[in-house]
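This report refers to the structure that appears directly beneath it.
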């Protein structure tokens, strides 16, 4: 066993039995969370260089690590809180097996624009309602409720 996810508020811990685990609502997932707000393939957990990391798979309701939205691979440290689909909260428990993990690309998100963080600068389909500073066409219709809240909280 490589660690476990301990539900906040009680419940049975979820053992992390493999080095790569698909989390989602589908029965084919390694960790199945049978809740309507969890996407079929919601996120992936991967044990790499002695540390766990998480990546959201474009889920509808998002994945957060310690309240921060996960966009790319994010390292999870022992004691971190993993939040799946806004409601399902787990404490990450494991013993690291190596030196500190390398800095991830996600650590540099503070330097990204809000549109980059929201994933709107690389979207293929745009509505012709306005231009951002970078020249990308964006309208309020392009932004889902979660992203809108992220941008304007």
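Numbering (the working numbering), first residue to last: 91 to 243.
We treat Cβ as the ideally placed atom computed from N, Cα and C, and that holds for glycine.
None of the values given here were measured: they were computed from a predicted structure.
So is residue i buried or exposed if we call it buried at 16+ other beta carbons inside 10 Å?
i           : result
residue 154 : buried
residue 102 : exposed
residue 93  : buried
residue 166 : buried
residue 150 : exposed
Here's a check: name, in chain order, each residue in its chain whose Cβ is nearer than 8 Å to the Cβ of residue i, leaving out the five neighbours to either side.
i           : result
residue 99  : 179
residue 169 : 181, 182 and 183
residue 142 : 92, 93, 106, 135, 136, 165, 166, 182 and 184
Can you list, in chain order, the residues of its chain whose CB lies under 6 Å from that of residue i, leaving out five sequence neighbours each side?
i          : result
residue 97 : 180
Once you ignore the five residues that flank residue i on each side, which residues in its own chain have a CB closer than 7 Å to its CB?
i           : result
residue 174 : 113, 123, 128, 132, 133 and 153
residue 121 : 104, 111 and 113
residue 140 : 186, 187 and 188
residue 177 : 127
residue 172 : 95, 144, 155, 166, 180 and 182
Could you tell me which residues DSSP puts in a beta bridge with residue i?
i           : result
residue 173 : 154 and 179
residue 95  : 104 and 182
residue 141 : 138
residue 163 : Answer is none; residue 163 lacks a bridge partner.
Inset, instruction - Report yes or no: do the segment 156-169 and the segment 94-111 share at least 3 C-beta pairs separated by less than 8 Å? - result: Taking a contact to require three or more Cβ pairs closer than 8 Å, the segment 156-169 and the segment 94-111 do not qualify as touching.
Legend entry - Sequence ranges, beta strand (DSSP E) only - wholly within the segment 103-135, length at least 3: If you keep only unbroken beta strand (DSSP E) runs of at least 3 residues inside the segment 103-135, you get 110-114.
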